[in-house]
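Asker: First the structure, then my questions, so here it is.
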Amino acid sequence: MKTLLVIGRNPEFVAEIRAALPPDVYQVVSHADIGDAEALLLHGVVDVCIFDLEEFPEKTLSRVDALRKLFPDCPVVVYIREADAELEKEAYLRGARHVLRKPVHPQVLNSVLGQLIGTAKGGELPLATGPPPRLPESRPMGIPSVEKQRGLIYLRECARILAVSLSRNEMLKRFLEIIRVLTGINRAAIFLRQPVVGSHRPHGSLDFKFRPVCGFGLPGLEGHQVEVSLASGICRMLYKTGQVLQVGTAPPTLDLDVQREFETLGVDVAVPIFEFDTLLGVLLLGRKITGQPLTEEEVQEIFFAVEHLGHAIRHSWQHDQLVVNHRILADLIRELDVACIVVGRDYRIIQLNKAAKKLLAKQVARVTQVVFDDLPEVIAQRTREVLNTGRAIDGFKFEPADAPETVFQVSILPMPISDSETAALIIGEDLSRVEKIKRLEIEASNWRLIREMAERSVHDIGNALVPLLTHQEMLRSKARDPQFIASLDSALQESLRRITRRLDQLRYLARDELGELASFSVGILLQEAFEEARVHTGAENAQLVVGELHEAEILCDKVALKRAFCELFMNAIQANIANPVVGLSVVARSDEQNRPGLLIEIQDTGPGFTTEEAARAGTAFWTRRAVGMGLGLAVARKIFALHNGRLEIHPAWEKPGGRVSVWLPQSGPRQKRGVA
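Reading the sequence shown from the start, the letters are residues 12 to 687 in our numbering.
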């Protein structure tokens, strides 16, 4: 099997090459750069090298030239996109054996490879049956001891760069030192563009100025007095051509600005530092200490080395940005009002901010180094559970023992910190201020309720006592007047009825349980409640218009349920006292849980409720009337809730007039005790 090395950045081109060749005859290996395939070339396993000139043709041709000089026995095939006589000529001059045009034609490619490798007719290769051929005996297999010693020294110098790979300036400084030792140049400098602060990628976010980072032998480097620009001169030409600029070589005539910069800086060679297609910087090199210029081979080797340097610079920028992001995040977490603690798999405290010390005991909070055992027991126990199971713990409230007024809402979550390790994140939100505000709001609400209750009670009981006080003043003078006695009796009955009703309402509001339960007919219960409401309101002309009436019995507290419907009927009658006509319908209706029940609707001829009034109706001490305490709907809602039912008040826009509906289960309440 023969090995083909494809150099190019286009994966589709590599796929076309593979598809055009028989897989049992050719093995296709692809790399983006010739430097990545150095090991294959050194071991002599590459039979043909194929270059893709579609992207950066000039740069790729320089690699073809370098390959032919270093490995002259390796044939080269070049692919171009369109017919270009100058490009084909340049490729042949650089050492290419064949120049082919895209797209890839399988027959043409097989024929070319057969000629280059010496295959059988038709482009098919005989299968290897014996051991692989040995290298010619004339090829040197060892390195002389002196060169080997020098290679070990250079290897040591290169290894020193690894120790400072994250320190950009120190890394570039040592890189220049190695070049100086290898080439013996008298001056050199590296100029870099600076990344925009906060940008995580160098592409499209770099300054136009190139400032010196390190160097030797050039004037003005110490105080950063020298800088070059992408707008003109050396850097502009490097960006446009992507080639090394050298005084006295191609291009034959340099721009005046370029020549002036070369003369001012006292250098002869400018090597671009690319990271893909982005120009990151420039390496400026002078002559050797003997006064001789660098050879073409030396410049090429430096160019290939600088390509890897561009990747290292980008990685250092990304590391710097990562450090900045980490510092910002750490400062943000440290200053948060929310307590944050990160516990590792080994129960080691990885992160703990200032607010987290409020979770700890006061004597522990003063300790500089906090350990896992310093956490409160309830938090430590649940943290162990999260680390063992990998599942989050629902939020819970925690009150430190030595700070009873402090309340935290604590959540513990698993937090992956690597592919194989998970930590526990403890988040504690201080609810002390919120809880205090809630208590103050509840207290203020209770005081408002008490004030409302007092005002309503004074007003309502005062209205009930006015007729009694009036008759009391006339009692001595008209004690024997039969008409006065009849008026006094009527006033006593009316005042007693009003006060008794208020007492009943307050008693039902205070109760959280029902009386004796029994089955009663709904129709009879509603009729009795309507008659009682007519008596309470004094509306003898009130009419009950019954529509659909589903006859059924219901398990209930008859006294309480009749009181609730009486309150609804009284509101319906008082809604239009001039024409007190009340509509009633009872239908069988199951609820969302398919429990059989009854839907009872009561409708009046009054103005009805607005949307806002419907939302507030049923609240204790809320009423639209000038008299009364506003407890009727609140009492009814409470009694229906104790029967596992519900009261709904509908706005007037749905239907004319006021309308309320009550749903009650036929089976009655599930338990005797309920909640309001």
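Cβ atoms here follow ideal geometry from the backbone N, Cα and C, with glycine treated the same way.
Which residues bound the alpha helix (DSSP H) around Glu440?
Answerer: Where Glu440 is concerned, there is no enclosing alpha helix (DSSP H), although the beta strand (DSSP E) it sits in stretches over Thr433 to Asp441.
Asker: Here's the rule: buried if 16 or more other CB atoms are within 10 angstroms of the residue's CB, otherwise exposed. What is Met152?
Answerer: In this prediction, Met152 has a pLDDT of 40, which is less than 50 and means its spatial position is unreliable; what the coordinates show is noted afterwards. Exposed, by the Cβ-count rule.
Asker: For Met8, count neighbouring C-beta atoms within 10 Å of its own C-beta (all shown protein chains included) and say buried if the count is 16 or more, exposed if not.
Answerer: Because the chain in this structure spans residues 12 to 687, residue 8 falls outside the shown range and cannot be described.
Asker: DSSP beta-bridge partners for Leu657?
Answerer: One point to set straight first is that residue 657 is Arg, not Leu, in the sequence displayed. Bridge partners of Arg657: Trp674.
Asker: Let's test the definition: count the other Cβ atoms within 10 Å of the Cβ of Pro137 and tell me whether it reaches 16, buried, or not, exposed.
Answerer: In this prediction, Pro137 scores a pLDDT of 42, lower than 50, which makes its location untrustworthy; no coordinate-derived value is stated.
Asker: Out of Met248, Glu466, Ala43 and Asp615, point me to the one whose CA is closest to Ala589's CA.
Answerer: Ranking the options by Cα distance to Ala589, first place goes to Asp615.
Asker: Determine the burial state of Arg670: buried for a count of at least 16 other Cβ atoms within 10 Å of its Cβ, exposed for fewer.
Answerer: Classification for Arg670: buried.
Asker: Which class does Ile461 belong to by DSSP, given the choice of helix, strand or coil?
Answerer: Three-state DSSP puts Ile461 in a helix.
Asker: DSSP three-state call for Glu564: helix, strand or coil?
Answerer: Residue state, collapsed to three classes: strand.
Asker: Mapping the DSSP letters down to three states, classify Cys85 as helix, strand or coil.
Answerer: Of the three classes helix, strand and coil, the one that applies to Cys85 here is coil, per DSSP.
Asker: Taking the continuous alpha helix (DSSP H) assigned at Glu23, which residues delimit it?
Answerer: Counting along the chain, the alpha helix (DSSP H) containing Glu23 begins and ends at Pro22 to Ala31.
Asker: Could you give the DSSP three-state label for Ile18: helix, strand or coil?
Answerer: Of the three classes helix, strand and coil, the one that applies to Ile18 here is strand, per DSSP.
Asker: So which of Val224, Gln118, Val110 and Glu564 has the shortest CA-CA distance to Val597?
Answerer: Nearest C-alpha to Val597: Glu564.
Asker: Per DSSP, Met426 forms a beta bridge with which residues?
Answerer: Beta-bridge pairing links Met426 to Ala434.
Asker: Kindly indicate which residue of Leu579, Cys577, Val593 and Pro680 has the alpha-carbon position closest to the one of Val557.
Answerer: Of the listed residues, the one whose Cα sits closest to Val557 is Val593.
Asker: What three-state label does DSSP hand Phe580 in the structure shown?
Answerer: Three-state result, Phe580: helix.
Asker: Measure the Cβ-Cβ separation of Ala403 and Val354 and say whether it is below 8 angstroms.
Answerer: Cβ distance not < 8 angstroms, so Ala403 and Val354 don't count as in contact.
Asker: Does the distance from the CB of Gly226 to the CB of Leu187 come in under 8 angstroms?
Answerer: Yes.
Asker: Out of curiosity, what's the CA-to-CA distance linking Asp348 and Pro607?
Answerer: Using only the alpha carbons, I get a separation of about 52 angstroms.
Asker: If contact is defined by three or more beta carbon pairs under 8 angstroms, each pair taking one atom from either stretch, is the segment 435 to 448 in contact with the segment 406 to 423?
Answerer: Yes: at least three Cβ pairs fall under 8 angstroms.
Asker: Kindly indicate which residue of Pro68, Lys70, Pro33 and Phe82 has the alpha-carbon position closest to the one of Gly55.
Answerer: Of Pro68, Lys70, Pro33 and Phe82, the residue nearest in Cα terms is Phe82.
Asker: Does the pairing of the segment 283 to 299 with the segment 238 to 255 give three or more beta-carbon distances under 8 angstroms?
Answerer: A contact exists between the segment 283 to 299 and the segment 238 to 255.
Asker: Can you name the start and end residues of the beta strand (DSSP E) that Phe186 belongs to?
Answerer: Counting along the chain, Phe186 falls outside any beta strand (DSSP E), though it belongs to the alpha helix (DSSP H) covering Arg179 to Thr194.
Asker: One question on the structure: do Ile352 and Ile437 come within less than 8 angstroms of each other, judged by their Cβ atoms?
Answerer: In this structure, Ile437 lies closer than 8 angstroms to Ile352 by Cβ.
Asker: What are the boundary residues of the alpha helix (DSSP H) that includes Asp268?
Answerer: Unbroken alpha helix (DSSP H) run through Asp268: Leu267 to Leu276.
Asker: Apart from the five residues just before and just after Pro144, which ones in its own chain have a Cβ nearer than 7 angstroms to its Cβ?
Answerer: Confidence is the limiting factor: at Pro144 the pLDDT is only 44, short of 50, which leaves the residue's position unreliable, though a coordinate-based value still follows. There are no such residues.
Asker: Tell me where the alpha helix (DSSP H) around Ala199 begins and ends.
Answerer: First-last for Ala199: Ala199 to Pro206, but that is the beta strand (DSSP E), not the alpha helix (DSSP H).
Asker: Label His319 either buried or exposed according to how many other C-beta atoms from any shown protein chain fall within 10 Å of its C-beta, with 16 as the threshold for buried.
Answerer: Classification for His319: exposed.
Asker: Cutting at 8 angstroms between CB atoms, please list the residues of its own chain near Asp688, excluding the five before and the five after it.
Answerer: This structure cannot settle anything about residue 688, because the visible part of the chain is limited to 12 through 687.
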